[in-house]
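Data first, discussion second: the structure below is written as structure tokens.
There are 2 protein chains.
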Amino acid sequence: MSTTLPQELPPTPYLRVDPVRLRHNIRRTAERAEDAQVALRPHVKTHKCVEVAKLQLAAGAVGITVATLGEAETFARHGFDDIFIAYPLWLDDVSARRMRDLAADATVTIGVDSSEGAAAAGRHLGEGARALVEVDCGHHRSGVHAHEAGTLALTAARAGLDVRGVFTFPGHSYAPDKLGQAAVDEARALTEAAEWLRVAGIEPAVVSGGSTPSLSSADTDVLTELRPGVYVFGDAQQWELGSMSPDDVALTCRATVVSHSNGRLVLDAGSKALGADRAPWATGYGRLLEHPEARIVLLSEHHAVADLGEAPLPAIGSRVDVVPNHVCNAVNLADTLYVEDAGVLTAWPVVARGQNG
Amino acid sequence: MSTTLPQELPPTPYLRVDPVRLRHNIRRTAERAEDAQVALRPHVKTHKCVEVAKLQLAAGAVGITVATLGEAETFARHGFDDIFIAYPLWLDDVSARRMRDLAADATVTIGVDSSEGAAAAGRHLGEGARALVEVDCGHHRSGVHAHEAGTLALTAARAGLDVRGVFTFPGHSYAPDKLGQAAVDEARALTEAAEWLRVAGIEPAVVSGGSTPSLSSADTDVLTELRPGVYVFGDAQQWELGSMSPDDVALTCRATVVSHSNGRLVLDAGSKALGADRAPWATGYGRLLEHPEARIVLLSEHHAVADLGEAPLPAIGSRVDVVPNHVCNAVNLADTLYVEDAGVLTAWPVVARGQNG
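Chains as they are written, first to last, in the working numbering: chain A, 1 to 357; chain B, 358 to 714.
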């Protein structure tokens, strides 16, 4: 897949990967999972790259997690054969046909969080389609309450699905004071949900959780599987949450200084390169890797305006590395990641970019 | 360019265009410019589509505005020959070569907002390259102060550029109580900057401004040119600012209801389809066209969670139209816009998607 480029780098803004940091991040998390004897099933929505997913499998991941049918199809086409679509998919005639085609190439598990969704999946996919019941552990996005997991599992099983267990996403770990609490909530909800499955007569083989912020607190006595995504690259959110250090950041957006308007640094990387994500607790719209004191105070489509306080401004025409707030959305804006490894420039296609459906 | 699709619509989420509303929006703004006897040079960053730009030219636009060299190259390849790159481009050897190639196909004007930028442009592009001096009228993004415009114009002219006038972007119009004030600031800054150009011995042929929120208040006695972008489609920001009505919204993201978790509507359109934009004054992460009472209270990459209050929830598996907060960023996430016109489904490629550099 990857292409070695003999020629010059692309125009800014572009995304560059530090392969040493990337491999370190992949290895560290794989070792943590191995030490705790839990399966690691990384979420590939973060990188959408075959090359990165292969590194993850080579380091011991049991399979991959995706968010959409389109992502699953893309990775299956590249030989990935154990895929969890961690999403309450709605199956109609068209998506069911796609699921059946996909099942010819890969073992696929889907999420269910409603009796309607379970019934549609059972009706369209037929006997034995694998599913996990999604549980809401405090993020309040999707999923049923833990005490409803048994009833839903039974409904899904009666609809013909092979209910393999339960999963949750502790997304409320994305808050500076909630990383540990989210992991506690995750373990509690999954324990309770797994118990309700047993009450319903279904032994949960899979108890799956994990987010990058809560990773180091994840209760691996409860969980059988971890599904972090962002840990491969890191981003300004992980930096500011304290879940990863700036020294771990393996993906940046290389930008050119185009102006010093109003005494601030104006860069050519805007929301169309970085994404517009800004959590309420974020200090700005991203960080500058070599200027930790800088704050991106204004972001528009093609401008990031950074305040460097009293520090001297890098010259107009010079280049800086921006750490996006949310790396998953930054990657999804790019067709290519550029990797400089031991002096060789390689282009990794973002093969699943835009595969939202 | 466009393709007539005989077959089914794509999986959700996808972007759909209402062509009747689109044509109405284009016509209304063209008429306003014509009535006021100002040139209309729409910003095509909003749609990145040849088909929409052609409708704009057919309605009387004098040329197009773009934000990047890549967008300019894309539109020049499709025959657009009068292009303003409304950006303080930094020109180095590579981008200068691209600019020279571009100039073979189109009349191109660039922005300058620093003596460094002007010197580099003059050095690389040679005599006669067209430029407008960018003025900051209150958005505090890029641009010089109005009273510095004459000095910069003189520097640029001495560097060899053909300084044609001044431009600004009244981006501070993006606040509920600032639409009119931003237009006043725009007119004042441009008047002063134009005067400073005359003091420097340069007659400004072009006095260019305009944003969609400030459009109806733009002072067309001062401005010779308007550069709005969003007006073609509208979005939730314009809706909530009151600068466009929900009845004007010509682009939506068609999404499927995948869950009723926690009694709320969970849709399969997240930040990877809608963009993550949320201004401090926005009521949520987008709006639902047919459910004005709904608020999108949580957005992640593939989930939008909408609170409908006491209203009944559309059924799981049904479809709704989401109005993105910022349509420019939503379009830049899609490869295709789907247009249903008089029963015929057409696909418009987003040809300049991702052309950030």
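Ideal Cβ placement from N, Cα and C applies to all residues, glycine included.
{"query": "Given valine 320 of chain A as reference, the closest of A:Asp341, A:Asn329, A:His326 and A:Ala294 once Cα atoms are compared", "result": "A:Ala294"}
{"query": "Residue environment, serine 618 of chain B, which counts as buried when at least 16 other CB atoms sit within 10 Å", "result": "buried"}
{"query": "Coil, strand or helix - alanine 557 of chain B by DSSP", "result": "coil"}
{"query": "Option nearest arginine 264 of chain A by Cα separation, candidates A:Arg227, A:Ala182, A:Thr191 and A:Pro312", "result": "A:Pro312"}
{"query": "Inter-residue spacing [alpha-carbon to alpha-carbon] between isoleucine 467 of chain B and valine 679 of chain B", "result": "35 Å"}
{"query": "Counted within 10 angstroms of its Cβ, other Cβ atoms place arginine 141 of chain A as buried (16 or more) or exposed", "result": "buried"}
{"query": "Residue environment, arginine 384 of chain B, which counts as buried when at least 16 other CB atoms sit within 10 Å", "result": "exposed"}
{"query": "Within-8 Å CB hit, arginine 141 of chain A to chain B", "result": "yes"}
{"query": "C-alpha gap between arginine 227 of chain A and serine 208 of chain A, whole angstroms", "result": "7 Å"}
{"query": "Beta-carbon neighbours of leucine 447 of chain B, restricted to chain A and to distances below 8 Å", "result": "According to the sequence displayed, residue 447 of chain B carries tryptophan and not leucine. By Cβ distance, chain A contributes Thr256, Val257, Val258, Asp268, Ile316 and Gly317."}
{"query": "Per-residue contacts from aspartate 326 of chain B into chain A (C-beta, under 7 Å)", "result": "Outside the shown range of chain B, which is 358 to 714, sits residue 326 of chain B, and nothing can be said about it."}
{"query": "Through-space distance from histidine 78 of chain A to threonine 107 of chain A, alpha-carbon basis", "result": "14 Å"}
{"query": "Start and end residues, beta strand (DSSP E) containing tryptophan 705 of chain B", "result": "701-706"}
{"query": "Limits of the unbroken alpha helix (DSSP H) element including aspartate 307 of chain A", "result": "Run containing aspartate 307 of chain A: none in the alpha helix (DSSP H); it sits in the beta strand (DSSP E), 303-307."}
{"query": "C-beta neighbour in chain B for histidine 47 of chain A, strict 8 Å", "result": "no"}
{"query": "Test item: CB-CB of valine 206 of chain A and glycine 150 of chain A under 8 Å", "result": "no"}
{"query": "Sufficient close CB pairs (3 or more, under 8 Å) joining the region 56-64 of chain A to the region 85-95 of chain A", "result": "no"}
{"query": "Alanine 218 of chain A and valine 232 of chain A closer than 8 Å at C-beta", "result": "no"}
{"query": "Listed by chain order, chain B residues near glycine 117 of chain A by CB distance under 9 Å", "result": "Val615, Ser616, Ile673 and Gly674"}
{"query": "Separation of tryptophan 90 of chain A from asparagine 356 of chain A, as counted between CA atoms", "result": "13 Å"}
{"query": "Check whether leucine 15 of chain A and alanine 330 of chain A have beta carbons under 8 Å apart", "result": "yes"}
{"query": "Status (buried if at least 16 other CB within 10 Å, exposed otherwise) for proline 176 of chain A", "result": "exposed"}
{"query": "Alpha-carbon to alpha-carbon, alanine 121 of chain A and valine 662 of chain B", "result": "22 Å"}
{"query": "Where the beta strand (DSSP E) through serine 657 of chain B begins and ends", "result": "652-657"}
{"query": "Integer Cβ distance of glutamate 560 of chain B from threonine 525 of chain B, believed to fall under 8 Å", "result": "That belief does not hold up - the Cβ atoms of glutamate 560 of chain B and threonine 525 of chain B are roughly 18 Å apart, past 8 Å."}
{"query": "Selection of the region 107-139 of chain A by Cβ proximity to chain B, strictly under 7 Å", "result": "Asp113, Ser114, Glu116, Gly117, Ala120 and Asp136"}
{"query": "Inter-residue Cα distance where the pair is tryptophan 281 of chain A and leucine 274 of chain A", "result": "18 Å"}
{"query": "Test: histidine 302 of chain A CB closer than 8 Å to a CB of chain B", "result": "yes"}
{"query": "Residues near alanine 691 of chain B by beta carbon distance below 6 Å, same chain, minus five either side", "result": "Leu372 and Val707"}
{"query": "Straight-line gap, alanine 416 of chain B to threonine 512 of chain B (C-alpha atoms, nearest Å)", "result": "37 Å"}
{"query": "Partner residues on chain A for threonine 508 of chain B, Cβ-Cβ distance less than 7 Å", "result": "Here the premise fails: no neighbours, minimum Cβ distance about 15 Å."}
{"query": "Bounding residues of the alpha helix (DSSP H) (the contiguous stretch that carries glutamate 430 of chain B)", "result": "426-434"}
{"query": "For alanine 424 of chain B and alanine 433 of chain B, the rounded distance between their alpha carbons", "result": "14 Å"}
{"query": "Option in B:Ser657, B:Arg454 and B:Glu582 with minimal Cα separation from alanine 626 of chain B", "result": "B:Ser657"}
{"query": "Boundaries of the beta strand (DSSP E) in which glycine 522 of chain B is found, first to last residue", "result": "519-525"}
{"query": "Cysteine 406 of chain B in three-state terms, based on DSSP", "result": "coil"}
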